[in-house]
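Please read the structure below before turning to the comments.
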Amino acid sequence: MPMNFTPAVPRKVYYVVIENGDPYEILFTSYEQAVATVKIRHREEIYEESACEVNVEENPSGKTYLYVEKGIHIYIYRFKV
Numbered sequence: 414m415p416m417n418f419t420p421a422v423p424r425k426v427y428y429v430v431i432e433n434g435d436p437y438e439i440l441f442t443s444y445e446q447a448v449a450t451v452k453i454r455h456r457e458e459i460y461e462e463s464a465c466e467v468n469v470e471e472n473p474s475g476k477t478y479l480y481v482e483k484g485i486h487i488y489i490y491r492f493k494v
């Protein structure tokens with residue numbers, strides 16, 4: 414008796430930005446979009462802060478930390494749905 418297999422549905426990947434424990438109100442479909450939004454939102458702090466780290470490669474674990482300035486903690490999480 415042949416087994417019926419349903420074709421695998423490709424999983425979609427989404428990114429969410431969490432800033433100081435609060436999520437941004439939009440999901441992103443790429444890591445680059447998420448980082449670009451952080452850069453736009455914090456452009457003044459990034460311009461003034463020499464130690465900021467926002468040009469960070471995506472962590473393979475799916476959880477990436479960006480440093481803007483003291484008191485601003487930003488994580489980008491990758492989720493597969």
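Residue numbers (the working numbering): 414 to 494. Note that CB positions come from ideal geometry on N, CA and C, so glycine has one too. These figures come from a predicted structure and were not determined experimentally.
Query	Result
Extent of the continuous beta strand (DSSP E) to which Tyr-488 belongs	485-493
Reduced DSSP secondary structure (H/G/I, E/B, other) of Thr-442	coil
Three-state secondary structure assigned by DSSP to Tyr-428	strand
Tyr-488 and Ile-431 closer than 7 Å at C-beta	yes
Residues that DSSP places opposite Glu-458 in a beta bridge	Per DSSP, none; premise fails for Glu-458.
Reduced DSSP secondary structure (H/G/I, E/B, other) of Val-481	strand
Phe-492 burial status per 10 Å Cβ neighbour count (16 or more: buried)	exposed
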